[in-house]
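Residue numbers (the numbering used here), protein chains in the order written: chain A, 366 to 624; chain B, 163 to 805; chain C, 6 to 212.
For glycine and all other residues, C-beta sits at the position ideal for the given N, C-alpha and C.
Presented below is the structure to which this report refers.
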Amino acid sequence: MSEATVPETAGGASPARTEPHHLRRAVLLWIVLSILGIAIWLVVAQFILPTEITDAGAFDNLTIVVFTVLAIPVAMFVWVFLGYSLFVFRTRERPTQDGIRMQPRLGVQVGWLGVTSILCLFLVIWGMFGLYQETSAASNDTLIVQVTGQQWLWTFYYPKYQISSAGQVLELPVNQPVQFEVTSKDVLHGFSIQALGVRVDANPGQTTTTQVVTPTAVGDYQVVCVELCGLYHTFMWSAVRVVSQTDFNAWIQSLGGQP
Amino acid sequence: MSVAATTDVGVHVKRRGFFQLLFPSVFSGIILGVIGAAVCGIIVSHIVSPPTPDVIDYTNDSTAVAVYAGWTIFFFIGIGAFNGIIKWGFGRKEPTLAEEQDLAGKDQGFWRYFRYTTDHKVVGMQYLATVLFTFLLGSLGAFSIRLEQSQPGALFFTPSTYNTIVGMHGILMIASTIIMVSGPFGNFILPIMIGARDMAFPRLNALSYWLLFTALPVFLSTLFLGGFQTGWTGYAPLADQGGPGQDAYAFTIILFALSTTIAAVNIVTTVLILRTKGMTWGRLPVFVWGVLLSVVLGLTAFPAFFTSQIMVLMDRVFQTSFFIGTMGGSNWVYEHLFWFMGHPEVYVIALPSLAIAAEIASVFARKPLFGYRLMVSGLVGITVLSFIVWGHHLYTSGSEAAIGGPFMLDTELISIPTGVVFLVLVGTLWRGKIWVTVPLLFVVGLLVNFVIGGITGLYLADVPTDEILHGGMFVVAHFHFTLVGSMVFGFMAGFYYWFPKMVGKRLDPFLGKLHFWLFEIGFVGTFSALFYAGLEGEARWQASVPPEYAVPNLIASLFAILIAASVFTLIYNVVMTLVRGEKAEANEWGAKTLEWTVPTPVPLENFEELPVITSDPYNYGEPEAEEATVGAAPAKAELQTEG
Amino acid sequence: MSETAITATEHAHEGESHALPLHTRVSRARAIVILLIISDVMMVASIMAAGGYLNAINTANAFKVSTDQPAFPPGLIVAIVLVLSGLCYFWWERSVRAGGNQQAAVVLAMLLMLGAFGCEIWYWLALNYTTAPLSAPAYDTYQSIVLLVTGFSTVHLFLAAVVGVLMTGRSANGRLKGQEYLVQAAGYWWYYTVLSGVLIWLFTVIL
């Protein structure tokens, strides 16, 4: 990809035969390590990617995988050429000779800028696509949950059923779209449910909304606060329970609402 | 005791009375500052709250601000800073050469570091000592954090103390990294590098340093006032709550912003007008470009931060409501003001370090920079783009003004000029004659770490993935990989590179390499573990680590022990070298920039005759390169310096 | 009293280093003032942006109460005095450029600037924003912005007045001979103070 100029040697001929070998060797090493790196990543990814149970979360995970796949060759490029230089071109003692004069040809500059721009463009388009997906409006059967953050707990109100959840537990029915409207009573808080792929700040005097997400798996998750809000910021978490529709209805009823 | 060399004219040792040295000096400054602080505090506390017969109400915000203001103003009176202004306006005649040299610390020996000395080399050393000190304090904070987070549960600190430690670690490190290159090296090395005798405004130079100095006690006073709960970002309206420890933070920022603005003005003017003959923009060393662009960014970005802290202080002292929702205020205005500064600020930190990396790569590969124009364009591109990306800190804030799409585009775009910088650095090393010294090792570390730091930034730049990463440890690991793993490594490279010139002694290379390896291994281990914790969902600012993240946090804390060991290695190396290190050569590394053509220690006015430049300093690989760099022959040390 | 003899090399430099060539000193003076103006503009911009933004989002509909609007006359008077001060300074600058030094002009300019500073204080007093007991937010956000802007303006005018005093002193001591560029450079700051003062006042009028 990047071709070093054939040096216009100044004083003293450098052995022209070994020059291409360096570049070829480094490029080969780069290709091999990139493929290896991508392979390892694809295997390892499933173990380190966060848990997600919504399509928004799934798309986030896919984004992480794809971006990393693109990033690995870029990283390897820098590391391989750097490492190769350090091992092959190092001098034992203080060097007595200068290195060759080498300047990037126009081709190198244009090529580099071109490739990085294309990569960048891809990232932007991917990101725009994801952003567009987020902005889908709430449908009629979206469950709205009004979240209020305060120092140092969350409370949840379901306007549809006119109940407030006890013990700051957030219970959600599986396979139903849900959207959160978040506000704060005092300072800034950060409302975040990792597994659902939602995060929005709770601002005093304002109501902010998350995207619409649909949890697809029953289980226990967490709301955590992700904006430092004072003394007990660490302890400002709530349990999230995604349960079946029947369990959810029973829970609503137990709190005095009409499902 | 300093003795001036004899010349044909004959010279006398200038003996200064102890009293003449002490007044004015930092000591008179401190004495007067403390008195002024007490007087202002007492006056204000009696105006604001009804006078009580016994103790002053020291918890009052207005008293705190009055104390800090009194301290600052009277410190500067005591150190003699106002003398210059008064003489400028009301003096009968221009200052003579002898007066200027006296101000520059001539014949004052070691004392000149404790006075309002204008010599840029003195100011550079003052900055260096202070930066190392604040780094040490910040590191102690870091080790405390890792100690606390090594196991779940609150082990050593209450949440209040922990929040304060996190906040102090943050702001100490941010402030240190902002000035770590432009302070010591921008002051000491840069004027010599452009062939000047001093900065454009020597007195303002001293002012910028002493403003930093006055900010330190103001900042540390937060420990006695209950600390501050907001972390280094100082988000309002949380900043409106809490005790006067928050006022200490806000006032520190105000002083720091003034200091960096004055330093910025000085550096820009110096580079604009004091370049020596032949030093065109195309021959300017990349280091100078990096510092210049960095301070231009700082000059334009910091006022917004300044405004935000004024607003916080007004909310606290005068009960205004910039950030109180019920009265029409909004925390979003704070966030926009803060991050409008906050993002350019990380490039203020980055640009000088990347420029140092370019200098060092060229010197230790003994090769020209692989694209001087390319490098400068990359730095300029980063500078320009950095103004229009701040919204990416606000993706999840809910503020409609932080429009995700455009900010995402701009943030991703910055990767292009950054990539150009990578190309130049790697290309410079490729096929060079690489001398693996400690400075070069740190540049290698910078390149390795910056790849990771830069790539992880892409995930955060993407709005949808930011929804699962914002405010978590992934962000923390990302900015540590960039700011510490890359930029502090760049500072370390510059430190080892220029230490022989600034101090005149040679740091032990073995200890230097040990420092590097301990730091790099410890650093990568610690923050890789935290990347994982962040992916799994650990939030930031956790005074008590939740049990599900215990393992990565323990691993991170164990690796942090290596970082601690590296810090102590550095301290040991520096102390031993100062005490009994080898003398360094004038051109320790065989480099071609102008600072290596002057003797060590550097004479008061740097050059015998100002050099004339005929080429850029990267023309390695040419047999006739040796004479081409400098028009005048390097000076022999005819005038020995003092101290 | 101790003494040092100047060495031969220092003698050689005396003309060189401490009398920087004139064009360098002119550029230096211009550069510092322009850079400080840039920094100041960014601060003014940040204040105005914050005010405009808060006005736009109008949190809880509580941004402004109609009685918050400051009375028109005091601000107008400040603006007028400022402009007069600027004109006086320009008069002085023209006299200096013509080779003379109409000292009355700079004295008048300085006094007018001090006058503007005083009027700004009067403006602040005339705001008449009631202060609630210190335990509650005393001022709504609009009032907060006006107070911030007023405070900022006051400091600005004070700084310009200081510059005026210093310039008057230097002029009176005859130290502007050969250094007329100082008058021009300080003039940049003077006119900037006038312009920004007027613009800031207009900002509070239309906010």
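- In the structure shown, Leu537/A falls within a strand segment according to DSSP collapsed to helix, strand and coil.
- The beta-carbon separation of Leu766/B and Lys268/B, rounded to 6 Å, stays under the 8 Å limit for a contact.
- If you draw a straight line from the Cα of Leu385/B to the Cα of Val637/B, it comes to about 27 Å.
- For Ile518/B, the enclosing alpha helix (DSSP H) covers residues 493–527.
- Burial is judged here by how many other beta carbons sit within 10 angstroms of a residue's own beta carbon; Leu475/B has at least 16 and is buried.
- Sequence-distant Cβ neighbours of Gln108/C in its own chain, meaning closer than 6 Å and more than five residues away, are Ser176.
- Taking CB atoms only, Ser44/C has a neighbour in chain B less than 7 Å away.
- Nearest neighbour of Phe77/C by Cα position, chosen from Ile62/C, Leu164/C, Ala131/C, turns out to be Ala131/C.
- Secondary structure at His387/A: helix, using DSSP grouped into helix, strand and coil.
- What Val563/A touches in chain B, judged by beta-carbon distance under 9 Å, is Glu629, Ile630, going in chain order.
- For Ile717/B, not one C-beta of chain A is nearer than 7 Å to its own C-beta.
- In the structure shown, the three-state DSSP call for His208/B is helix.
- Cβ-Cβ distances below 6 Å link Ser421/B to Ser370, Leu373, Leu374 in the same chain, with the five nearest sequence neighbours on each side left out; the list follows chain order.
- His282/B is not bridged by DSSP to any residue.
- In this chain, Gln515/A is not harboured by any alpha helix (DSSP H); it is covered by the beta strand (DSSP E) spanning 508–515.
- According to the DSSP secondary-structure assignment, Phe521/A is paired through a beta bridge with Val512/A.
- Against Ala440/A, the close residues of chain B are Val613, Ile614, Ile617, in the order they occur along the chain (beta-carbon pairs closer than 8 Å).
- Nearest C-alpha to Leu697/B among Val608/A, Ser603/A, Pro542/A, Ala560/A: Ala560/A.
- Taking a C-beta distance under 7 Å as the contact criterion, Ala200/B and Trp233/B do not qualify as a contact pair.
- The residues Phe584, Phe643, Thr644, Gly647, Ser648, in chain order, have a CB closer than 8 Å to that of Phe612/B in the same chain once the five nearest residues on each side in sequence are set aside.
- For the segment 47–75 of chain C, the set of residues with a beta-carbon nearer than 9 Å to any beta-carbon of chain A comprises Ile62, Thr64, Ala65, Ala67, in chain order.
- The beta carbon of Phe442/A lies closer than 7 Å to those of Trp395 in the same chain, with the five residues before and after it left out.
- Counting along the chain, Ser549/A sits inside no alpha helix (DSSP H); it lies in the beta strand (DSSP E) bounded by residues 543–549.
- Proximity of Ile465/A to chain B, defined by a Cβ-Cβ separation below 7 Å, is satisfied.
- Boundaries of the beta strand (DSSP E) around Asp585/A: 584–590.
- Taking a C-beta distance under 7 Å as the contact criterion, Phe237/B and Gly195/B qualify as a contact pair.
- Our two residues, Phe730/B and Phe681/B, have alpha carbons roughly 11 Å apart in a direct line.
- Looking at the backbone, the Cα of Pro624/A and that of Trp491/A are separated by about 40 Å.
- Of all residues in the segment 553–579 of chain B, those with a C-beta nearer than 7 Å to a C-beta of chain A are Thr558, Ser559, Gly560, Gly566, Gly567, Met570, Leu571, Glu574, Leu575, Ser577, Ile578, reading in chain order.
- A check of alpha carbon separations from Ala503/A across Met493/A, Tyr526/A, Gln541/A identifies Gln541/A as the nearest.
- By the Cβ neighbour-count rule, Pro524/A is exposed, with fewer than 16 other Cβ atoms within 10 Å of its own.
- In the DSSP annotation of this structure, Ser539/B is not part of any beta strand (DSSP E); the continuous alpha helix (DSSP H) holding it starts and ends at 534–547.
- Between Leu622/B and Gln587/A, the alpha-carbon positions lie close to 22 Å from each other.
- The C-alpha of Asp551/A lies about 6 Å from the C-alpha of Gln515/A.
- Residues of the segment 566–584 of chain A with a C-beta less than 8 Å from any C-beta of chain C: Gly570, Gln571, listed in chain order.
- Exclusion of the five residues before and after Gly123/C leaves no residue of its chain whose Cβ lies closer than 8 Å to its Cβ.
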